[in-house]
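Protein chains in written order, with this note's numbering: chain P, 1 to 224; chain Y, 1001 to 1247; chain L, 2001 to 2217.
Note that beta-carbon positions come from the ideal geometry of N, C-alpha and C, so glycine has one too.
The structure appears below as structure tokens.
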Amino acid sequence: MLKGLNIAFKDLKIESRAREIFISMVVFSLLILIIFSIAFSDLLSSASKTATVTSGVLWICFIFAGTLGLNRTFATEVQNGCMDALKMCPIPRNSIYLSKVIFVFLLMLLVEIITIPMFSVLFNYQFTAIIWVGIVILLGSFGFVVVGCLISALVIRARAGEMLLPVLLLPLSLPVIIPAVSATSGLLRGEDIFSLMSSIRLLVVYDFVFFAVSMLVFEYVVED
Amino acid sequence: MATIIYSMMGETVLVAEDIFRDYGCLHALNGINLCVEEGEFIAIIGPNGAGKSTLLKIVASLTSPTKGTLQIFGTKDKDREDVQDRIGMLSHETFLYDNLTARENLLFFGKLYGMEHAALDERCDYLIRKVGLWKRAEDPVKNFSRGMKQRLSLARAIIHDPSLLLLDEPYTGLDMNASSLMENLLVEKSGMTKIMVTHDMDKAFRLCNRLLIMEAGNIVHDVVANDPNARKFAEAVCFSDGGQFKC
Amino acid sequence: MLIVAFGAIFFYLPVMKDSAGNVLDSSFNIFYFHMPIAIVAYLAFFVVFVSSILYLRENDSKWDMVSLSAAEVGVIFAFLVLATGSIWAKAIWGWYWVWEPRLTTSLVLFLVYVGYLMLRTALDDPLKRARLSAVFGIVAFVSVPLSFLSIRIWRSAHPLMFGGSLYGQEGGGLEGSSLLLVLLLNMLAFVMLFVSLTSFKFQNEKFERELEMTKGR
């Protein structure tokens, strides 16, 4: 299993060189931010009003940027038939999946780290409860990536896979996104973390369930 | 160590029993029976759609048969992971990452095969020299020519020193020079069992010692290469498809 | 097959009669459709889930056909849930649609399985289609409990039909044995309808594949 994680290192190395996925994710995310800041320009005067849209805007950025990245997750493997080469290596097949999850998750984190300060600047907004918000965002992104990598591996084999990915992924990942969004907005509205525990619990449960199910079924996705 | 002792005894590399493989209503393989001994160099030839590549894929465990059993190194389908590190594959696709350098590609796959760090370094150096890419070892693969890529692919395929090497049309898109270099490298590895799917009948006769001629999912002839009738059989089958030998 | 067809007609009829013959507030009548349909939709997705697992385990195209049939019927039922729910909501709440968890998750559930059917059409190789859609069928089912439990998890405007609090506005949701009887009857009828529709579809699919097999030869 640990051997298999070399795939994640390899992906990071390639990405650090080509940077094609990361750059487009960041730019896309910032563009969405700018569009929202234009659309909501009336709200910018009051922090309490901004707080109501923050969670939605941020999550839309993350999800759309994430979808963009997920579209390219398996591109490097498909290009020269490397997927077949990986499948022939003496590693468990779901370690390929795990590596991809790690890779995309790290990419998403980087995008989020850039997006959140930019949001602060563009919306003139001061974040509160940063630690908890961070944890919720981590959990939410993880769940999203977990589902996303599986669907990405699925649709890469299909016709018009890039069209299909968002259509399949967005509804399917909603069990993670709903609690993540509601917990984030609750926190930003200044609610006590304990009153949001039910959302967070749901988030954790779904992260876990999706992850476990995906690890179990991934083998069947890559089988030819 | 165990590998060496086995090979002295002339181990049976592969036993296929009654293998069927359907793609929907298309029958790619119709009951293949095959036994491969240590050290053989087998060519699989036949017209397009005869099931050559499918058979190779099944041996490579890239796909599973619809019916039938396959034993490789005495191991059944289920425990294939144990023998994966004794199988290498060289395809017409390069199996390389364009954005990594030649050495990085080899190191990456070496690590996936669980090789020790020091041994892997040494092996990489050796193979890169062997395939004549020493000067370009630190260049990204995307700058390589087709021939260089294919040589590196060969190095990648044997990085873990497999006992069974599968070759899927390794000569596609190679010029004369590159393909003769490949040929030399392949012939040199005489102890290794090799199974090659090819369209190039001349190469098949020159390099291999056993020919499997396939048609419509069956092995119609299984002959040694110096069999006087071999060429006749091969041509009969390959040209049967309306005289079409678009290989 | 004839028996199945008879069953469908036979069991479909009481449904119409039951709800038409009921004297309660007319908008509430739709509930007799709504809830059984909803339950049947969940049931259909559960069938997809189970047959997907069985497909991956046994590699038998029979299970693939079951998944497909159940998913198609399930999608139709999920749509009917939304439709009947909206009609009821229009009558009671004054809007067709309100953004609240139960409705949202039901809509999403519908979309997930529409996605399932889309995925199927996008895959050409039958074996690959069967396997990949089975994988999706399994993962998709993970979101079903969320829809089912959503009213319990979040405070929701959607009436909770069983488990303690009854729906107040209508004046006592499930009181009286006659109501319960009608509900159960409807439930049974819809489950029968589901079974017959699915097996219809299954037969249909089977013949189609046999036809293709003979054509292919």
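For GLY2085(L), not one C-beta of chain P is nearer than 7 Å to its own C-beta. Under the Cβ criterion of 7 Å, ARG2131(L) is counted among the residues facing chain P. Using beta-carbon distances, ASP224(P) counts as an interface residue toward chain Y, with a partner under 7 Å.
ILE35(P) and LEU203(P) have their C-alpha atoms roughly 29 Å apart. Straight-line spacing of the CA atoms in LEU2188(L) and LEU2132(L) works out to 33 Å.
With fewer than 16 other Cβ atoms inside 10 Å of its own Cβ, GLY1173(Y) counts as exposed. Residue-level contact by beta carbon fails for VAL57(P) and chain L, as no gap is shorter than 7 Å.
Close partners of VAL217(P) in chain L (Cβ separation under 8 Å): LEU2056, VAL2135, ILE2138, VAL2139. In the three-state reduction of the DSSP assignment, GLU223(P) falls in the coil class, being assigned neither a helical nor a strand state. GLY81, CYS82, ASP84, ALA85, LEU86, LYS87, MET88, CYS89, PRO90, ILE91, PRO92: these are the residues of the region 81 to 103 of chain P whose beta carbon lies less than 8 Å from some beta carbon of chain Y, given in chain order.
For ASP1222(Y), the uninterrupted beta strand (DSSP E) segment begins and ends at 1218 to 1224. Beta-bridge partners of ASN1030(Y) (DSSP): PHE1020(Y). Per DSSP, GLU1104(Y) is one residue of the alpha helix (DSSP H) stretching across 1102 to 1112.
Around the C-beta of SER55(P), 16 or more other C-beta atoms lie within 10 Å, and the residue is accordingly described as buried. Rounded to the nearest whole angstrom, the CA to CA distance from SER2147(L) to VAL26(P) is 33 Å. Judged by DSSP in its simplified three-state form, THR1172(Y) adopts coil rather than helix or strand. Contact of ILE21(P) with chain Y is not assigned, every C-beta pair being separated by 7 Å or more. Among the CB atoms of chain P, one or more fall inside 7 Å of the CB of GLU1093(Y).
The residue from ARG1231(Y), ARG1021(Y), ILE1042(Y) with its alpha-carbon nearest to that of THR1066(Y) is ARG1021(Y). Put simply, the CB of SER2069(L) is far from chain P, with every gap to its CB atoms at 7 Å or more. For VAL1197(Y), the enclosing beta strand (DSSP E) has its first and last residue at 1193 to 1197. Note on geometry: alpha-carbon atoms of ALA212(P) and ARG93(P) lie some 14 Å from one another. Between LEU1164(Y) and ILE1058(Y), the C-beta gap is not smaller than 7 Å, which leaves the two residues out of contact. Taken through DSSP and simplified to helix, strand or coil, LEU1133(Y) comes out as coil.
For LEU2054(L), same chain residues with a beta-carbon under 6 Å away, outside a window of 5 residues either side, are TRP2063 in chain order. DSSP places THR1069(Y) inside the beta strand (DSSP E), whose first and last residues are 1067 to 1072. In the three-state DSSP reduction, GLU1093(Y) falls in the coil class, being neither helix nor strand. Under the three-state reduction of DSSP, ALA1050(Y) is assigned to coil, being neither helix nor strand. When C-beta distances to chain L are compared with 7 Å, the residues of the region 148 to 163 of chain P below that value are LEU150, LEU154, ARG157, ALA158, ARG159, ALA160, in chain order. Collapsing the DSSP output to three states places ARG159(P) in coil.
One thing to note: PHE1095(Y) has its Cβ within 7 Å of the Cβ of CYS82(P).
DSSP lists LEU1014(Y) as the bridge partner or partners of VAL1036(Y).
Between the region 169 to 183 of chain P and the region 2107 to 2127 of chain L there are three or more C-beta pairs closer than 8 Å, enough to call the two in contact. Relative to the Cα of LEU187(P), the nearest Cα in the group THR52(P), ARG201(P), SER16(P), SER37(P) belongs to THR52(P). Apart from the 5 residues on each side of it in sequence, THR1069(Y) sits with its Cβ closer than 6 Å to the Cβ of GLU1017 in its chain, given in chain order. Interface flag for ASN6(P) against chain Y is set, since a Cβ pair is found closer than 7 Å.
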